[in-house]
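Visitor:
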Amino acid sequence: MKELKRRIISLLIAAAAIILCWQIFAMLMAKPFIPAPAPCFRAFFGELAKGPLLKHGLVSLYRTGAALFASFALALPCGIIMGRSKKVDRLLTPASYILYPIPKVVFLPVIVVLFGLGDFPKIFLISLVLFFQLLIVVRDAAKQLEDEYIYSARALGMSNAGIITNIVLPLCVPQALSSLRVGTGTAIAILFFAESFASLDGLGYYISDMMSRRSYDRMFAGILAMSLLGLMLYAILYIIEEKLTGWAKDSHKAR
Numbered sequence: 013m014k015e016l017k018r019r020i021i022s023l024l025i026a027a028a029a030i031i032l033c034w035q036i037f038a039m040l041m042a043k044p045f046i047p048a049p050a051p052c053f054r055a056f057f058g059e060l061a062k063g064p065l066l067k068h069g070l071v072s073l074y075r076t077g078a079a080l081f082a083s084f085a086l087a088l089p090c091g092i093i094m095g096r097s098k099k100v101d102r103l104l105t106p107a108s109y110i111l112y113p114i115p116k117v118v119f120l121p122v123i124v125v126l127f128g129l130g131d132f133p134k135i136f137l138i139s140l141v142l143f144f145q146l147l148i149v150v151r152d153a154a155k156q157l158e159d160e161y162i163y164s165a166r167a168l169g170m171s172n173a174g175i176i177t178n179i180v181l182p183l184c185v186p187q188a189l190s191s192l193r194v195g196t197g198t199a200i201a202i203l204f205f206a207e208s209f210a211s212l213d214g215l216g217y218y219i220s221d222m223m224s225r226r227s228y229d230r231m232f233a234g235i236l237a238m239s240l241l242g243l244m245l246y247a248i249l250y251i252i253e254e255k256l257t258g259w260a261k262d263s264h265k266a267r
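For the sequence shown, position 40 (counting from the first letter as 1) is numbered 52 according to my numbering, and the numbering increases by one without interruption.
#1: Going by DSSP in three states, Arg-193 sits in which element: helix, strand or coil?
#2: Alpha carbon to alpha carbon, what distance is there between Thr-177 and Ile-162?
#3: Where does the unbroken alpha helix (DSSP H) through Gly-214 begin, and where does it stop?
#4: Give the range of the alpha helix (DSSP H) segment to which Leu-168 is assigned.
#5: Return the CA-CA distance between Leu-215 and Leu-80, expressed in angstroms with no decimal places.
#6: Identify which residue in Phe-205, Ser-22 and Pro-47 has its Cα closest to the Cα of Trp-34.
#7: Give the straight-line distance between the Cα atoms of Leu-256 and Leu-189, rounded to the nearest whole angstrom.
#8: Are Tyr-246 and Gly-234 closer than 8 angstroms when you measure CB to CB?
#9: Within the chosen definition, does the segment 120-137 reach the segment 64-82 through at least 3 CB pairs nearer than 8 angstroms?
#10: What separation, rounded to the nearest whole angstrom, lies between the Cα atoms of Met-244 and Ser-227?
#11: Can you list, in chain order, the stretches of the beta strand (DSSP E) that have 3 or more residues and sit fully within the segment 111-180?
#12: Are Ser-224 and Ser-208 close, meaning C-beta to C-beta below 8 angstroms?
#13: Pick out whichever of Thr-105, Leu-126 and Ile-200 has its Cα sitting closest to the Cα of Ser-239.
#14: Enumerate in chain order the residues of its own chain whose CB-to-CB distance from Asp-101 is below 8 angstroms, with the five nearest sequence positions on each side excluded.
#15: Three-state secondary structure (DSSP) at Ser-227?
#16: Going straight from the alpha carbon of Met-170 to that of Met-222, what length do you get?
#17: How big is the Cα-Cα spacing for Leu-203 and Gly-242?
#18: Using 10 angstroms around the beta-carbon of Arg-230, count the other beta-carbons present and answer buried if the total reaches 16, otherwise exposed.
#19: Consult DSSP for Pro-44 and reduce its assignment to one of helix, strand or coil.
#20: So, for Ile-21: in the same chain, excluding its five sequence neighbours on each side, which residues have a beta-carbon less than 7 angstroms away from its beta-carbon?
#21: If we ignore side chains and look at the alpha-carbon of each, how far apart do Ser-108 and Glu-254 end up?
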């Protein structure tokens with residue numbers, strides 16, 4: 013409980029410092045496209061109460077959450093297979109190293125032509141970006157597992173499924189969740205690009221629409237909403253990581 017209070021106080025202090033810097037920057041710039049925090053917060057709560065911001069926020073939440081889940085669900089087994097099978101690793105790792113650094117956002121026009129303007133193109137693009145980030149992390153984690161552990165487990169009569177469940181997964185899941193949590197910033201950035209480029213809803217569309225209307229207070233309200241979305245997803249993944257893999261940190265501290 014004390015640790016939780018300490019973290020909340022730290023977050024509040026950091027938020028206050030950011031708002032203060034924002035206020036000073038707005039005063040120094042004295043431009044309409046850099047409004048002060050007060051009108052932006054009024055616009056944020058006003059748009060939230062009226063409904064548009066909540067509607068667009070829920071759409072963006074669904075797209076990002078679905079992409080995070082899909083990338084994790086696909087990268088975890090693929091990374092484990094690559095890490096534990098030398099044949100598969102030799103076959104797929106060179107291709108993954110070539111594809112990983114390619115900026116996937118350049119394929120958005122192609123994805124839109126293929127799948128239209130609905131939810132799927134955005135989810136697919138975000139999942140594609142995160143998939144390769146997680147794949148490399150999980151593959152390396154699975155590969156670091158020493159063969160002696162596997163031989164010992166088999167000597168004790170453990171099946172292949174038991175080895176995956178009791179040995180490989182506990183080693184890979186903490187690193188995969190940590191990488192996924194770090195990837196939330198990337199996911200939000202890709203979401204904004206996708207929604208502002210080829211969408212009629214979502215926070216990215218809302219921000220771009222308000223910018224074109226020169227309604228800068230509402231534009232910043234959308235930016236606040238997208239920032240809160242990223243913070244919320246980061247916090248949720250952090251809690252999940254603590255609940256599921258807290259033992260890994262405790263064992264590391266014990267060493």
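A virtual CB, placed ideally from N, CA and C, is assigned to each residue, including glycine.
Guide: Let's see:
#1: On the sequence shown, position 181 is the one that residue 193 refers to. Three-state DSSP puts Arg-193 in a helix.
#2: Working through the sequence shown from its first residue, we reach residue 162 at position 150. Working through the sequence shown from its first residue, we reach residue 177 at position 165. Their Cα atoms are separated by approximately 12 angstroms.
#3: Residue numbering aside, residue 214 sits at position 202 when the sequence shown is read from its first letter. From DSSP, Gly-214 is part of no alpha helix (DSSP H); its letter is neither H nor E.
#4: Residue mapping note: residue 168 aligns to position 156 of the sequence shown, counting from 1. Counting along the chain, no alpha helix (DSSP H) covers Leu-168, and no H or E run does either.
#5: Taking the sequence shown and counting its residues from 1, one reaches residue 215 at position 203. Taking the sequence shown and counting its residues from 1, one reaches residue 80 at position 68. Approximately 17 angstroms, taken between the alpha carbons.
#6: Here residue 34 refers to the residue found at position 22 of the sequence shown. Trp-34 has its Cα closest to that of Pro-47, out of Phe-205, Ser-22 and Pro-47.
#7: Counting from one through the sequence shown, the residue named residue 256 turns up at place 244. Counting from one through the sequence shown, the residue named residue 189 turns up at place 177. If I take the Cα positions, the gap works out to 9 angstroms.
#8: Position 234 of the sequence shown, counted from the first residue, corresponds to residue 246. Position 222 of the sequence shown, counted from the first residue, corresponds to residue 234. For Tyr-246 and Gly-234, no; Cβs fall outside 8 angstroms.
#9: With a cut-off of 8 angstroms, the segment 64-82 and the segment 120-137 count as touching, because enough Cβ pairs lie within range.
#10: Mapped onto the sequence shown, residue 244 falls at position 232. Mapped onto the sequence shown, residue 227 falls at position 215. Across the structure, Met-244 and Ser-227 are spaced so that their CA atoms are roughly 26 angstroms apart.
#11: If one requires a minimum length of 3 residues, no beta strand (DSSP E) run lies completely within the segment 111-180.
#12: Counted from its first residue, the sequence shown places residue 224 at position 212. Counted from its first residue, the sequence shown places residue 208 at position 196. In this structure, Ser-208 does not lie closer than 8 angstroms to Ser-224 by Cβ.
#13: As a first step, residue 239 is located in the sequence shown; it is residue number 227 there, counting from the start. Out of Thr-105, Leu-126 and Ile-200, Ile-200 has the C-alpha closest to the C-alpha of Ser-239.
#14: Here residue 101 is taken as the residue at index 89 of the sequence shown, counted from 1. Scanning its chain for C-beta atoms nearer than 8 angstroms, with the 5 sequence neighbours on each side dropped, one finds around Asp-101 the residues Met-94, Gly-95, Arg-151 and Lys-155, in chain order.
#15: Counted from its first residue, the sequence shown places residue 227 at position 215. Ser-227 sits in coil when the DSSP states are folded into three classes, being neither helix nor strand.
#16: Here residue 170 is taken as the residue at index 158 of the sequence shown, counted from 1. Here residue 222 is taken as the residue at index 210 of the sequence shown, counted from 1. Whole-angstrom Cα-Cα distance: 60 angstroms.
#17: Translated into positions along the sequence shown, residue 203 becomes position 191. Translated into positions along the sequence shown, residue 242 becomes position 230. Looking at the backbone, the Cα of Leu-203 and that of Gly-242 are separated by about 11 angstroms.
#18: Position 218 of the sequence shown, counted from the start, is the residue given in the question as residue 230. With 16 or more Cβ atoms within 10 Å of its Cβ, Arg-230 is classed as buried.
#19: What you label residue 44 is simply residue 32 of the sequence shown in a count that begins at 1. It is coil, neither helix nor strand.
#20: Position 9 of the sequence shown, counted from the first residue, corresponds to residue 21. For Ile-21, where only same-chain residues beyond five positions count, there are no Cβ hits under 7 angstroms.
#21: Here the question's residue 108 lines up with position 96 in the sequence shown. Here the question's residue 254 lines up with position 242 in the sequence shown. Each residue's Cα considered, the two are about 29 angstroms apart.
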